[in-house]
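Number of protein chains: 2
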Amino acid sequence: MVEPPSLEKLVQEFASLPGIGKKTARRLAYFVLTRPRERAEALSNTIVEACDKVKRCSQCHSFAEEDPCPICKAREGSRSICVVEKFSDILPFENAGIYHGLYFVLGGVLSPLDGVGPETLHIPQLIQRIQTEKIEEVIFALGSSPEADSTILLIDKLLAGVPVKRSSLARGIPMGSELEYIDEVTVLRAFESRTGI
Amino acid sequence: MVEPPSLEKLVQEFASLPGIGKKTARRLAYFVLTRPRERAEALSNTIVEACDKVKRCSQCHSFAEEDPCPICKAREGSRSICVVEKFSDILPFENAGIYHGLYFVLGGVLSPLDGVGPETLHIPQLIQRIQTEKIEEVIFALGSSPEADSTILLIDKLLAGVPVKRSSLARGIPMGSELEYIDEVTVLRAFESRTGI
């Protein structure tokens, strides 16, 4: 091959990242080689540094440099917990500043076809946390899919007998969208959950 | 912010790569953190290793671990040189196995608006190589743009008096395309360069 082995290896490494195909990986690798060496070192060091410093919070399973994470620490004693699929789902809530309770990162949603069963998710830890921290409301913010729905159903079942309010994000028409371009299931749900004016 | 500082730094590093926006950078960074640590180390080491090992061939300016590069070495004495804009443009020729001569990476095409003048490109080195290595044919494989055309014109002018055949890749309809979706300039060029059957 024309590509030097170490360059080919770099292309392969980039191509192992999600959403990066062979051509994009090649463009990234060439770009890294044309930048000054210190930039490559910075990228390289930042990767290892992030892996060293960032852990999972033992209480909510989100990424954090401390354990418990700043949110779990600052909001200790809060009586509501917002259940999300992954860490990045916390960002829209925090950026909007609309919620001031605890979070819990499930680590995915049930998806038997992908091999994600209840044991892969942090469901027992969630149940335990709800009980020991005397949580009064669990808000499911799991996105809109059959997998998310069955995950909510399972947790709801496991919480039978636990005196805790359960809610999930409203389903409906998103802001700024034209009705004609919205799928039927969304329209159906929005119609069923129509609100008085 | 919710994101730990070292994670935010990693997101920024990824976002500094071409074609990677903030959201993609975040997805990449989270992915790197969820993989086993050895994978992150491998990525990190490969970046620095590639920067250390890969140099520019002093004869053709392509990426290589040796100088001269394997192609310049293996094809020494060849009388044709194929001028490309960047290293990756060599790959289609080598993959197709249609060309067995030398290459020369210009490092770009003239683009005054982007600050790329003749002095930024390796034009003097190309002229010199054509003369010292007694090249008989220069093939311009520079893509199809006004900038590429003016680059070819300039080099052609600088080669005035040098007894060397000059050609450039044919312009026309690409394989497998429907005429109705092809732009007018391409159709015009293909019409002007129509070939006998």
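These protein sequences, in sequence, are chains B and D.
Each residue of the first sequence is one higher than the one before, starting from 1 at the first, in full-length UniProt numbering.
Each residue of the second sequence is one higher than the one before, starting from 1 at the first, in full-length UniProt numbering.
Note that CB positions come from ideal geometry on N, CA and C, so glycine has one too.
Helix, strand or coil for I182 of chain B? Go by DSSP, reduced to three states.
The three-state secondary structure of I182 of chain B, taken from DSSP, is coil.
By DSSP's criteria, C82 of chain D is part of a beta bridge. Which residues make up the other side?
C82 of chain D is bridged to D:Y103 and D:I139.
Return yes when the Cβ of H61 of chain D is within less than 8 Å of the Cβ of F14 of chain D, no when it is not.
No.
Check for me: the beta strand (DSSP E) holding K165 of chain B runs from which residue to which?
K165 of chain B: member of the beta strand (DSSP E) spanning K165 to S168, first to last residue.
Less than 8 Å between the CB atoms is what I'm expecting for S58 of chain D and P68 of chain D, so what's the real figure, rounded?
The pair is a contact, with the Cβ atoms about 7 Å apart (cut-off 8 Å).
Interface partners of F63 of chain D on chain B, CB under 8 Å:
Within chain B, the residues near F63 of chain D are E3, P4, L7, Y30 and L33.
Closer than 8 Å is the cut-off here; do at least three beta carbon pairs connect the segment 31-41 of chain D with the segment 20-30 of chain B?
The segment 31-41 of chain D vs the segment 20-30 of chain B: no contact.
Q128 of chain D versus K53 of chain D: straight-line alpha-carbon distance, rounded
The C-alpha of Q128 of chain D lies about 27 Å from the C-alpha of K53 of chain D.
6 Å CB neighbourhood of I20 of chain D in its chain, flanking five on each side removed
Counting only Cβ-Cβ distances below 6 Å, and skipping sequence neighbours, we find F14.
Under the DSSP definition of a beta bridge, which residues are partnered with K73 of chain D?
Answer is none; K73 of chain D lacks a bridge partner.
Compare the C-beta of G19 of chain B with all C-beta atoms of chain D and state if any pair is closer than 8 Å.
Cβ-Cβ to chain D under 8 Å: yes for G19 of chain B.
Could you please give me the residues that DSSP links to residue 220 of chain B through a beta bridge?
No information on residue 220 of chain B is available, as it lies outside the stretch 1 to 197 that chain B covers here.
Could you name the residues of the same chain whose beta carbon sits closer than 6 Å to that of F63 of chain D, not counting the 5 residues immediately before and after it, in chain order?
Once the five neighbours on either side are set aside, the close Cβ partners of F63 of chain D are V54 and F87.
Beta-carbon neighbours of A42 of chain D, restricted to chain B and to distances below 7 Å
Close partners of A42 of chain D in chain B (Cβ separation under 7 Å): E13.
Chain-ordered neighbours of C82 of chain D on chain B, where CB pairs are closer than 9 Å:
The CB of C82 of chain D never comes closer than 9 Å to any CB in chain B; the least such distance is about 12 Å.
Specify, as a first and last residue, the run of the alpha helix (DSSP H) that T34 of chain B falls within.
Annotation for T34 of chain B: the continuous alpha helix (DSSP H) segment containing it runs K22 to T34.
Taking Cβ to Cβ, would you say R189 of chain D is nearer than 8 Å to G172 of chain D?
Contact flag set, yes.
Mind checking residue 201 of chain B: buried by the 16 CB within 10 Å criterion, or exposed?
Given that chain B is displayed from residue 1 to residue 197, the structure contains no residue 201 of chain B and the question cannot be resolved.
According to the neighbour-count rule (16 or more other Cβ atoms, all chains shown, within 10 Å of its Cβ), is E3 of chain D buried or exposed?
Answer is buried; the Cβ neighbour count reaches 16.
Establish whether the CB of A25 of chain B and some CB of chain D are separated by less than 8 Å.
Cβ-Cβ to chain D under 8 Å: no for A25 of chain B.
List the whole-angstrom C-beta distance separating I81 of chain B from I123 of chain B, where the pair is believed to meet the contact cut-off of C-beta under 8 Å.
So it is not a contact: roughly 13 Å between Cβ atoms.
Going by the DSSP bridge assignment, what does V11 of chain D pair with across the sheet?
Answer is none; V11 of chain D lacks a bridge partner.
Once you ignore the five residues that flank D149 of chain D on each side, which residues in its own chain have a CB closer than 6 Å to its CB?
Answer for D149 of chain D: no residue qualifies.
Starting from the beta carbon of R37 of chain B, find every residue of chain D whose beta carbon is closer than 9 Å, and list them in chain order.
Contact annotation for R37 of chain B against chain D: V48, C51 and D52 [CB-CB distance below 9 Å, chain order].
CB V84 of chain B to CB L110 of chain B, shorter than 8 Å?
No, Cβ-Cβ distance for V84 of chain B and L110 of chain B is not below 8 Å.
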